[in-house]
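Notes for the one structure printed next.
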Amino acid sequence: GGGSMAGQPGQMDEHAVMAQFKQQLDVEFAQEFFNTVRDKCVDMCITRPGSSFTKSEQQCLAQCVARYQDATQVVGKSVLEAMGVGMNR
Amino acid sequence: GGGMAGQQPKVSPQLEQFLAQEQQKVVLNQLIAKLTEKCWEKCVSYPGKRLSSSEESCLKYCALRQLDATQYIQHRLQNREL
Numbered sequence: 001g002g003g004s005m006a007g008q009p010g011q012m013d014e015h016a017v018m019a020q021f022k023q024q025l026d027v028e029f030a031q032e033f034f035n036t037v038r039d040k041c042v043d044m045c046i047t048r049p050g051s052s053f054t055k056s057e058q059q060c061l062a063q064c065v066a067r068y069q070d071a072t073q074v075v076g077k078s079v080l081e082a083m084g085v086g087m088n089r
Numbered sequence: 001g002g003g004m005a006g007q008q009p010k011v012s013p014q015l016e017q018f019l020a021q022e023q024q025k026v027v028l029n030q031l032i033a034k035l036t037e038k039c040w041e042k043c044v045s046y047p048g049k050r051l052s053s054s055e056e057s058c059l060k061y062c063a064l065r066q067l068d069a070t071q072y073i074q075h076r077l078q079n080r081e082l
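Protein chains in written order, with my numbering: chain A, 1 to 89; chain B, 1 to 82.
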């Protein structure tokens, strides 16, 4: 469902606005992440492109995506700690 | 000077704060994404079943040193030492 106008004219449903805004940001971020991971993992795993993916290439791609997600967590944690956003405060 | 037309929807302080916070998160996430891209190149040569501890250390230090370098260079530029 979409946002609704609550009550008087000129008012907006702020919860709907917030939810929609957040969702849009999440979608954009996911899209960028996908593009980056795809490019990195193709570079890493597909060195001699054949007529189709070999089993080892498929495995490499799958592991690459998972490891890239892990790497994002490691970097993210370091950055947040460096900025004083404590996890253990 | 101009005044509010009175037809514009009022944005609550809560919504303003929410938008500002989300904006900050976007900037932060973009920084993390950029650092991960760079440090992946430097630290991971082939994806295994998990990240090794040396790969993890490399990623962590790579990110931190990149942040340090940004600060260092900014400071030097500000003080006209570069």
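All residues carry an ideal CB built from backbone N, CA and C; glycine is no exception.
Given a threshold of 16 other Cβ atoms within 10 Å of its Cβ, counted over all protein chains shown, does residue i qualify as buried or as exposed?
{"i": "A:Asn88", "result": "Unreliable placement is indicated for A:Asn88, whose pLDDT of 48 sits below 50; the coordinate value is still reported in the next sentence. Exposed: under 16 other Cβ atoms inside 10 Å."}
{"i": "B:Trp40", "result": "buried"}
{"i": "B:Ile32", "result": "buried"}
{"i": "A:Asp39", "result": "exposed"}
{"i": "B:Thr36", "result": "buried"}
{"i": "A:Ser78", "result": "buried"}
{"i": "B:Pro47", "result": "buried"}
{"i": "A:Val37", "result": "buried"}
Thinking C-alpha only, which one of the options is nearest residue i?
{"i": "A:Ala62", "options": "A:Phe34, A:Gln20 and A:Val17", "result": "A:Phe34"}
{"i": "A:Gln69", "options": "B:Gln71, B:Glu56 and B:Asp68", "result": "B:Glu56"}
{"i": "A:Cys64", "options": "A:Val17, A:Lys22 and A:Val42", "result": "A:Val42"}
State the CB to CB distance for the pair residue i and residue j, rounded to an integer number of angstroms; the pair is presumed to be in contact (CB under 8 Å).
{"i": "B:Glu22", "j": "A:Leu80", "result": "Between A:Leu80 and B:Glu22 the Cβ distance is about 17 Å, and since that is not below 8 Å, they are no contact."}
{"i": "A:Ala71", "j": "B:Val44", "result": "7 Å"}
{"i": "A:Ala82", "j": "B:Leu64", "result": "6 Å"}
{"i": "A:Val74", "j": "B:Leu59", "result": "5 Å"}
{"i": "B:Gln167", "j": "B:Lys25", "result": "Here chain B has residues from 1 to 82 only, and residue 167 of chain B is not among them."}
Inset, instruction - Taking only beta carbons into account, state which residues of the stretch 35-50 of chain A come closer than 7 Å to chain B, listed in chain order. - result: Thr36, Lys40 and Met44
Legend entry - Start-end ranges of the alpha helix (DSSP H) lying completely within the stretch 17-87 of chain A, minimum 4 residues: The qualifying runs are 55-82.
Legend entry - Members of the stretch 61-78 of chain A near chain B, C-beta cut-off 7 Å: Within the stretch 61-78 of chain A, the residues whose Cβ lies closer than 7 Å to some Cβ of chain B are Gln63, Cys64, Arg67, Tyr68, Asp70, Ala71, Thr72, Val74, Val75, Gly76 and Ser78, listed in chain order.
Legend entry - the stretch 3-37 of chain B: positions lying closer than 9 Å to chain A by Cβ: Gly6, Gln7, Gln8, Pro9, Lys10, Val11, Ser12, Gln14, Leu15, Phe18, Leu19, Glu22, Lys25, Val26, Leu28, Asn29, Gln30, Leu31, Ile32, Ala33, Leu35, Thr36 and Glu37
Legend entry - Residues within the stretch 62-79 of chain B neighbouring chain A, beta-carbon criterion of under 9 Å: Cys62, Ala63, Leu64, Leu67 and Asp68
Legend entry - the stretch 42-55 of chain B: positions lying closer than 9 Å to chain A by Cβ: Cys43, Val44, Ser45, Tyr46, Pro47, Gly48, Lys49, Arg50, Leu51 and Glu55
Inset, instruction - For the stretch 22-36 of chain A, enumerate the residues whose C-beta is nearer than 8 Å to any C-beta of chain B, in chain order. - result: Lys22, Leu25, Phe29, Glu32, Phe33 and Thr36
Inset, instruction - Within the stretch 36-81 of chain B, note down every full alpha helix (DSSP H) run reaching 4 residues or more, in order along the chain. - result: 53-78
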